[in-house]
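Visitor: The following block contains the structure, expressed as C-alpha cells.
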Amino acid sequence: MGQSFLSKAWYYSKIAVTVYVLFVVLLFFMQRKMIYFPDKTRPVAPEGTVIANVTTQDGLDLQGWYFPPQQSKPVIVFFHGNAANIFLRQQKVNEYLDAGYGVLLAEYRGFGGNPGDISEQGFYLDALSYIKWLEDRQALAPSGIVLYGESIGGGVAVELAASLSREGRSPFALVLEVPFTSLVDLGRLYYPFVPVDFLLKDRFMNSEKIRDVRAPLLVVNGDRDEIIPFQQGQKLFEMAGEPKKYIKIPGGDHNNLHRNGLQKYVLEFLSGIPSGDLDNGDSEISQE
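Under this note's numbering, think of the first position of the sequence shown as 193, with each following residue one higher.
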C-alpha cells in the first residue's frame, strides 16, 4: 500500500515537472508574441502630415508622422505602447497640436508597415533615429523636445531621456503615461511561479535609469489600471530626481486616461516649465 502510494506520487510529480518545464520553455520562445501586439498595416497619414523617413543604425528604413509646432513651442515625441500603431494615437495628441506644440508620432520597427523584428534594443535604435531626424532635418535640439512614453513606450522614453541627460543634452521634459518600474517586475507580478529574471529578453529597466534623467518629469496613472498597477508608476516617480510631478486620476484605467483629462494635465505641466511655476509633488485629481 505504502509502496504503491509512493510510486503514484513519484509518477505524478514527474508529470507535473515535465508540464512545468514545457510551459517555461514555451514562455521563453513565445515571450515577444505575448508582450507585443502590433498592427502591421501602414496607416494613411492625415492630409498635411510630414512623413518622418528615418534610417536606424542597423539599417532599417522607418516612417513616423510629424506635425510641426507653432512658433517656438517644443515638439512632443510620442512613443506608444505595445499594441496597434500610430494611427490610433493621433486622437490623443490633437489637443497638444491645438495648443501649438509640435508632435512626432514615432513608429517602431515591426509596427505600422515598418520592417524589422520587434525588440527592446531595436526600439531604442528607432527612438535615436527619430531624435536624429529632428536634429538634422528640423534643426531641433533635445532641449526643445518633450519625450512622451505611453506604457511600454515609457521604457523607450526613459532610456532616451537618461541617455541624452548623460550626454549633457537633456530634453525639455519627460512625460510617462501608465509606466512600470521594469518589465521584470511586471513579469513577476503576472507569473510569480516562473523564473522571469532568467527568462526575460526585453527587460526595460526603468527603475535603474530614471535617476539619470535630468529633465522635468510628469508621471500619470489611473487608480483602476487593470494592466499595470498604479503603484509601479508611484514607485518609479519616487526614484526620480526633481523637478517632478505625479498625478493619479480616479477612475482611470490603462487605456482611458485621454478621456479623463490627461491632455489638460500634461499641458498644465508643460506650460509651467519655462516660467518656473512647476508644482512639484504628487496629486490625486478629483473628477467633478
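C-beta: ideal position from N, C-alpha, C; glycine also. No experiment lies behind these values; they were computed from the predicted model shown.
Quick check on the burial criterion: 16 or more other C-beta atoms within 10 angstroms. Buried or exposed for W202?
Guide: exposed
Visitor: Measuring alpha carbon to alpha carbon, tell me which of L218, R403 and S335 ends up nearest L391.
Guide: L218
Visitor: Per DSSP, T210 forms a beta bridge with which residues?
Guide: Paired residue(s): none; T210 is not in a bridge.
Visitor: Taking only the alpha-carbon atoms, compute the straight-line gap between P261 and V267 and give it to the nearest angstrom.
Guide: Rounded to the nearest angstrom, the two C-alpha atoms are 6 Å apart.
Visitor: So is P384 buried or exposed if we call it buried at 16+ other beta carbons inside 10 Å?
Guide: exposed
Visitor: Can you list, in chain order, the residues of its chain with a C-beta nearer than 6 Å to that of L409? Leave out the 5 residues immediately preceding and following it.
Guide: Contacts found: L366, A432 and K436.
Visitor: For Q255, report the span of its beta strand (DSSP E) as first-last.
Guide: D253 to F259
Visitor: Who pairs with V367 in a beta bridge, going by DSSP?
Guide: Y340 and L410
Visitor: Can you tell me the Cβ-Cβ gap for W257 and T241, rounded? I've got them flagged as a contact below 8 Å.
Guide: Sure, about 5 Å apart at Cβ, within 8 Å.
Visitor: So what does DSSP say about A319, is it helix, strand or coil?
Guide: In the structure shown, A319 adopts helical secondary structure according to DSSP, grouped into three states.
Visitor: Do A244 and R329 have their C-beta atoms within less than 9 Å of each other?
Guide: yes
Visitor: Under a three-way DSSP split, which group does G294 fall into?
Guide: strand
Visitor: Which class does P387 belong to by DSSP, given the choice of helix, strand or coil?
Guide: coil
Visitor: For V348, which of helix, strand or coil comes out of DSSP?
Guide: helix
Visitor: Between I441 and L428, is the Cβ-Cβ spacing less than 9 Å?
Guide: L428 sits away from I441, with the two beta carbons spaced by 9 Å or more.
Visitor: What is the DSSP secondary structure of Y438, counted as helix, strand or coil?
Guide: strand
Visitor: Distance check for N413 and I439, CA to CA, integer angstroms please.
Guide: N413 has its alpha-carbon roughly 6 Å from the corresponding atom of I439.
Visitor: Identify the residues that DSSP records as bridge partners of N245: which are they?
Guide: Q255
Visitor: Using CA atoms only, rank isn't needed, just tell me which of V348, L289, P363 and L296 is closest to S374.
Guide: V348
Visitor: Quick one, are the C-beta atoms of V269 and A237 less than 9 Å apart?
Guide: no
Visitor: Report back the beta-carbon spacing between P307 and L252 to the nearest angstrom; my notes put them in contact at under 8 Å.
Guide: Rounded, the Cβ-Cβ distance is 6 Å, consistent with contact.
Visitor: In three-state DSSP terms, what is L378?
Guide: helix
Visitor: Taking 6 Å as the limit between beta carbons, can you name the residues of its chain near D231, skipping five residues before and five after?
Guide: A276 and N277
Visitor: Since I believe S343 is in contact with D394 (beta carbons under 8 Å), could you give me their beta-carbon distance rounded to a whole number of angstroms?
Guide: Not really, about 13 Å apart at Cβ, beyond 8 Å.
Visitor: From this set, L254, K265 and E400, which residue's C-alpha is nearest A353's C-alpha?
Guide: E400
Visitor: Does DSSP put V405 in a helix, in a strand, or in coil?
Guide: coil
Visitor: Just to confirm, are F396 and E351 a CB contact at a threshold of 9 Å?
Guide: The Cβ atoms of F396 and E351 sit closer than 9 Å to each other.
Visitor: Should G314 and R234 be called a contact, given that it needs their Cβ atoms to be closer than 9 Å?
Guide: no
Visitor: Comparing alpha-carbon positions, which option in R224, F259 and I227 lies nearest E239?
Guide: F259
Visitor: Is the separation between the beta-carbon of Y322 and that of A298 shorter than 9 Å?
Guide: yes
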